[in-house]
Each structure stands twice: as structure tokens, then as C-alpha cells.
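In our numbering, the protein residues as written are 57 to 352.
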């Protein structure tokens, strides 16, 4: 049994598979690389963010290579999950924000992914509705029972959504930030979500407009394109309201960051996640996104 956030649960998933496979952890990197099912494992999440308790992925940092390995295999699916929102009351405000925006990213990327399906669509939209309506409340008042409950439900549904549809460019670009600069995963996603969304809108404006509606943005007589613009502004407002810093403000040195940008772009592409994006971004566009996320 694991009890904790996504890192704790992913570690337990991996250990359960190492118990039945005599290989180094790095052998699990990629898709369907686990030969033998792991030992049964029950997860108890204590953060409303990663959805790891219901996914078939495990993210493990290889410190020797400065790589956050994306490992995907059905063997990482837990035997069961005990999802209780009462385990989240002790989360501090910044953790509530970071994991909440991680869950929102899961739901948005699950909905626009090229690998989406009707089941993942319904889960993603339900998660977007719950998270967008309750994240600010959970951040501002940690004892808000209704907000905490809906955030936990939204996180788990978002996990099921992206596990059945895959994530996209935000996740592909965020993992290298975590690997090189040790930013928490949810924060790395939050750095990037507004800018990546802005660059991706033309790939499927109808879907992004639907996300905007689901987040409570009034359509009125607005076109899909206008709704898309409103969505980007809403995502930027989330970061501002929840006091999400830029990469620079979080404490990363500019020279160190920009010396790694080309390497991070290659790592993002190699992960496969950007290939699921509704619009495939060029390398110069990814570089511009990293620059915007770094901040002035």
C-alpha cells in the first residue's frame, strides 16, 4: 500500500514491478516495457492532483541522466485505490495550487489529445468542471469541505481521462524542467499551461471553446476563436490568483535555464507526448514558450 502524493504512489508502482522483474528501473522507460505484472498494490492519494492512483503511468527521475522517465504499462495500474478527500485537508496553499493545476492540465490535455475517445471525453469534461469551480476555494480555505471533495473527485477523474487518452505538449515540456531544475511536477505544468494552450488553439478551436464553456465562461454570441482567447486568459488568471511564480521568480538562474532549452526541447519531443497535441508545435515555438514561462 502507498499513502501520499504522486511521487509516493509512482514509487510504489515501480517497486511493485521491480519485485517481479530483475531489471534496472531504466528498463521500464517508454511504452509497455514491463515483462511481468507487479505485486498487488493499493494506493491512497493524499493530494488532489496527480491521479496516479488510477493511471497506468509511473514517472521516475533518473538522476544520473537528468531525465524524468515516463513509464507506461498496464502493470502500473493499482489493484485498488482508496480515494478520500479528508486526506487532503493538511495540504498547504502552494501545494493545493500546484497539484490542482496539474489535475486541470490532465483534464484539458486528455480532452484535446489526438488519442481521445468518448469515455475519456466525458471524464475530462466532468473533471474540468469540478476543478475550475473549486480550486480557488480549496486554495483560499483549506477547510472548505465541498471544495476539497470536488477537487479530489476531479483529480481522480482527470487521471482516468488522461490515462485513456494520453497527455500532450504541456507534459512533454514540463518533465525536463523537473529533471534539470527540480521543480515540482504540478508547478512545471502550471508554468507552461497558458502559453502551450495559446499556441495549440488553432489545432482544434471547437474543443478548446468547449473547455472554456465547461469552465463557466459565458459564450453568448462569441465565436469559437473568441472563446479560445477567453480560455487562455482564464488560465493566466488561475496562475495569477493562485500566485504561481514564473520560472525565474521560482529561483532558476537564467543562464542555467537557457543553456538547457535545446536539450529540454529534444527531451520533450522524444517523450512522445507532444505528438498527441492537437497542433504539433515547431521547435522554435517550444523555445518561445520556454522563454515566456521563464518570465522577465
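Glycine residues also receive a C-beta, built at the ideal position from the N, C-alpha and C atoms.
Everything numeric in this text was worked out from a predicted model, so none of it was measured.
Asked: Among 336, 264, 107, 227, nearest to residue 216 - alpha-carbon criterion; Found: 107
Asked: Coarse secondary structure for residue 115, derived from DSSP in three states; Found: strand
Asked: Proximity winner among 111, 189, 146, relative to residue 268 (alpha-carbon distances); Found: 189
Asked: Selected residue, minimal CA-CA separation from residue 286, among 302, 299, 265; Found: 265
Asked: Beta-bridge pairing of residue 265 - partner residues as DSSP gives them; Found: Per DSSP, none; premise fails for residue 265.
Asked: Of the listed residues 166, 69, 283, nearest to residue 101 (C-alpha basis); Found: 69
Asked: Inter-residue Cα distance where the pair is residue 130 and residue 117; Found: 20 Å
Asked: Buried or exposed (CB count within 10 angstroms, at least 16 for buried), residue 66; Found: buried
Asked: Nearest candidate by alpha-carbon position, reference residue 157, set 195, 121, 146, 176; Found: 195
Asked: Inter-stretch contact (C-beta, 8 Å, three-pair minimum) for the region 145 to 164 and the region 309 to 323; Found: no
Asked: Nearest neighbour of residue 291, chosen from 85, 151, 192 [CA to CA]; Found: 192
Asked: Nearest to residue 304 (by Cα), restricted to the options 347, 277, 289; Found: 347
Asked: The region 163 to 177 contacting the region 210 to 228, beta-carbon criterion three pairs below 8 Å; Found: yes
Asked: Residue 350 beta carbon near the ligand PLP (any heavy atom closer than 6 Å); Found: In terms of ligand content, the structure shown is empty, and the ligand PLP therefore cannot be addressed.
Asked: Per-residue DSSP class, three states only, for residue 17; Found: The chain is shown only over 57 to 352; residue 17 falls outside these bounds and no answer can be derived.
Asked: Reference residue 77; option with closest CA among 61, 64, 95; Found: 95
Asked: Length at least 4, wholly inside the region 220 to 300: the alpha helix (DSSP H) runs in chain order; Found: 225 to 237, 241 to 256, 261 to 270, 280 to 297
Asked: Beta-carbon spacing of residue 332, residue 171 below 7 Å; Found: yes
Asked: Span separating the alpha-carbon of residue 297 from that of residue 289; Found: 12 Å
Asked: Where the beta strand (DSSP E) containing residue 128 begins and where it ends; Found: 123 to 128
Asked: Buried or exposed (CB count within 10 angstroms, at least 16 for buried), residue 253; Found: buried
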